[in-house]
Amino acid sequence: MKAYEIVTEPINPQLYADYVLRPEAGAVTLFTGHVREWTRGIRTLYLAYEAYIPMAEKMLAKIGTEIEEKWPGTKTAIAHRIGELKIGEIAVVIAVSSPHRRDAYEANEHAIERIKELVPIWKKEIWENGTEWIGDQRRKPEEGETP
Amino acid sequence: MKAYEIVTEPINPQLYADYVLRPEAGAVTLFTGHVREWTRGIRTLYLAYEAYIPMAEKMLAKIGTEIEEKWPGTKTAIAHRIGELKIGEIAVVIAVSSPHRRDAYEANEHAIERIKELVPIWKKEIWENGTEWIGDQRRKPEEGETP
Amino acid sequence: MITIFYFAGLREAAGKPQEQAELAGRTVNELLEWVRNQYPNLSLDAVRVAVNEEYALPEDVLQAGDTAALIPPVSGG
Amino acid sequence: MITIFYFAGLREAAGKPQEQAELAGRTVNELLEWVRNQYPNLSLDAVRVAVNEEYALPEDVLQAGDTAALIPPVSGG
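Below you can see the structure in the form of structure tokens.
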């Protein structure tokens, strides 16, 4: 396990929570992002994630550094899974520990916002009647119709 | 396991995360509060928590209802441990699932704030040279000196 | 009869976790007065009273069989 | 020579995950121009370019041996 990693196997979130725990940490926040069955009224069968792995891991580590500068005393670990994921499975885990809880919540939420801006990972939604790479959220109906 | 409970054994946070997960939940936030070694410059050896158990469980459930009203679509589980806890051990776990992440963070943080206001649980800090019931944060030096 | 519970520092200062008292028909405020007389060195500042596991108001009236818990400032989490 | 990577929808539209091109000494902007000429129906709106795994500016100059990745809008999390 690395503190900032792209993985292909199911994520065990506890590993990341354990990694950030230290005697001076009073608070740990653990965020897990899961594959949702319904998005904008469309039923997802499963998702496929792809990443530019070396750059993605570098960007995750950059987010960690950013957080440790902005909220001194925090410690962060982040993993994102790629490949095919079923409904309910964990796509991303973010663990942050901190002496005080406020920082642990704020830093954790900052991490997921930055992941969505910065980290080269792409999600393809597979529905009953089509697939789509999600990215710019402007839907392209002709792609939406592709079987 | 109950959704809102006071427990005497070590807490397994994953149980509560699993409890709140549903196919429509895209986000799960899990907060764990841990026994910290250093507080206000004093080294804690361990903590002892006491609760008015039936009322505490009722208040935890009330916080859950409050959250589900304020952030519709969320699902919450909370456990607090009592008895003697060592450094690093989990005193409290809060799990919130939600279709969208913003609600999961906000609702989780609301839960810990409300626990600290409302739930009849008391913490006694045991240091090398004394003990103190924490509550009103006005320190009483004569109690602090008690061996 | 009503049952009174003491917790945390109050339990240690009172020297007991609970006791019974003839306070049916009296208010929560009168209960606090009674406790203050029994234990003059108990610090009741910022203590709340829960009747039957719900926070009560000072003017709420106690019924026979009620449990009244003295809740010092809480410190969970 | 520089190596160009295509990801996600761009990989599918280009029909390949990567290729090599003689673009050393050219800018990131010129690389995008080159890609646009090779694949007229590739949508390059909002595409960022990373050179050697760091986001690059349009005027950055490519060196021989660099890797240039076309990064369509990301959707992790």
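If you read the protein sequences in the order shown, they are chains X, Z, P and Y.
Every letter in the first sequence is one number past the one before it in this note's numbering, and letter 91, counting from 1, is 90.
Every letter in the second sequence is one number past the one before it in this note's numbering, and letter 143, counting from 1, is 142.
Every letter in the third sequence is one number past the one before it in this note's numbering, and letter 10, counting from 1, is 11.
Every letter in the fourth sequence is one number past the one before it in this note's numbering, and letter 75, counting from 1, is 76.
Virtual Cβ for every residue (Gly too), placed ideally from N, Cα, C.
Cβ neighbours of X/Leu44 within its own chain (closer than 7 Å, five residues either side excluded): Ile125, Trp126 and Glu127.
The continuous stretches of alpha helix (DSSP H) do not include X/Ile86, and DSSP gives it neither H nor E. Apart from the 5 residues on each side of it in sequence, X/Leu20 sits with its Cβ closer than 7 Å to the Cβ of Val27 and Ser96 in its chain, given in chain order.
Under the three-pair Cβ rule at 8 Å, the segment 32-44 of chain X does not count as touching the segment 57-66 of chain X. Within the segment 6-44 of chain Z, the runs of beta strand (DSSP E) that reach at least 3 residues and sit entirely inside it are, in chain order, 26-33.
The straight-line gap separating the alpha-carbon atoms of X/Ala103 and X/Glu131 is approximately 34 Å. By the Cβ-count criterion, X/Ala90 is buried, with 16 or more other Cβ atoms from all chains shown falling within 10 Å of its own Cβ. The C-beta distance from X/Ile10 to X/Arg80 rounds to 5 Å, short enough to meet the 8 Å contact threshold. Neighbourhood of X/Ala24 in chain Z, by CB distance below 9 Å: His33, Arg35 and Gly87, in chain order. Listed in chain order, the beta strand (DSSP E) runs fully inside the segment 4-62 of chain Y are 19-22 and 49-52, counting runs of at least 3 residues. The segment 60-74 of chain Y makes contact with the segment 13-30 of chain Y, as at least three CB pairs between them are under 8 Å. The straight-line gap separating the alpha-carbon atoms of X/Gly134 and Z/Lys115 is approximately 41 Å. Residues of chain X with a Cβ closer than 9 Å to the Cβ of Z/Val27 are, in chain order, Pro12, Leu29, Phe30, Thr31, Gly32, His33 and Ile89.
When the five nearest sequence neighbours on each side are left out, the beta carbons in the same chain lying within less than 8 Å of the beta carbon of X/Pro12 are those of Leu29, Thr31, Ile89, Val92 and Ala94, in order along the chain. Note on geometry: alpha-carbon atoms of X/Lys122 and X/Glu49 lie some 7 Å from one another. Taking the Cβ atoms as the reference, X/Ala110 lies roughly 10 Å from X/Thr73, outside the contact range of under 8 Å. Among the residues of chain Z, those whose CB is under 7 Å from the CB of X/Ile111 are Arg100, following chain order. Shown here for X/Pro98: same chain residues with a beta carbon closer than 6 Å to its own, the five before and five after excluded, namely Glu23, Gly25 and Gly72 in chain order.
For Z/Glu124, the enclosing beta strand (DSSP E) covers residues Ile120 to Trp126. For X/Glu127, no CB of chain Z lies under 8 Å from its own CB, so it is not counted at the interface with that chain. By the rule that beta-carbons nearer than 8 Å mark a contact, X/Tyr104 touches chain Z.
In terms of beta-carbon proximity, Z/Glu67 stays away from the interface with chain X, with every pair separated by 8 Å or more. The alpha carbon of Y/Val29 has as its nearest neighbour, out of Y/Val52, Y/Met2 and Y/Tyr40, the alpha carbon of Y/Val52.
Across the set Z/Val6, Z/Asp17, Z/Ala47 and Z/Met0, the C-alpha of Z/Ala47 shows the shortest separation from the C-alpha of Z/Lys85. In the three-state DSSP reduction, P/Thr68 falls in the strand class (E or B).
Under the three-state reduction of DSSP, Z/Ala2 is assigned to coil, being neither helix nor strand.
For Z/Met54, the closest Cβ of chain P is nearer than 8 Å. About 11 Å separates the Cβ atoms of Y/Trp35 and Y/Leu45, ruling out a contact at the 8 Å cut-off. If you draw a straight line from the Cα of Y/Glu54 to the Cα of Y/Gln64, it comes to about 14 Å. Shown in chain order are the members of the segment 51-77 of chain Y whose Cβ falls below 7 Å from a Cβ of chain X: Ala51, Glu54, Ala70, Ile72, Pro73, Pro74, Val75, Ser76 and Gly77.
When the beta-carbon positions are compared, X/Leu117 and X/Ile62 come within less than 8 Å of each other.
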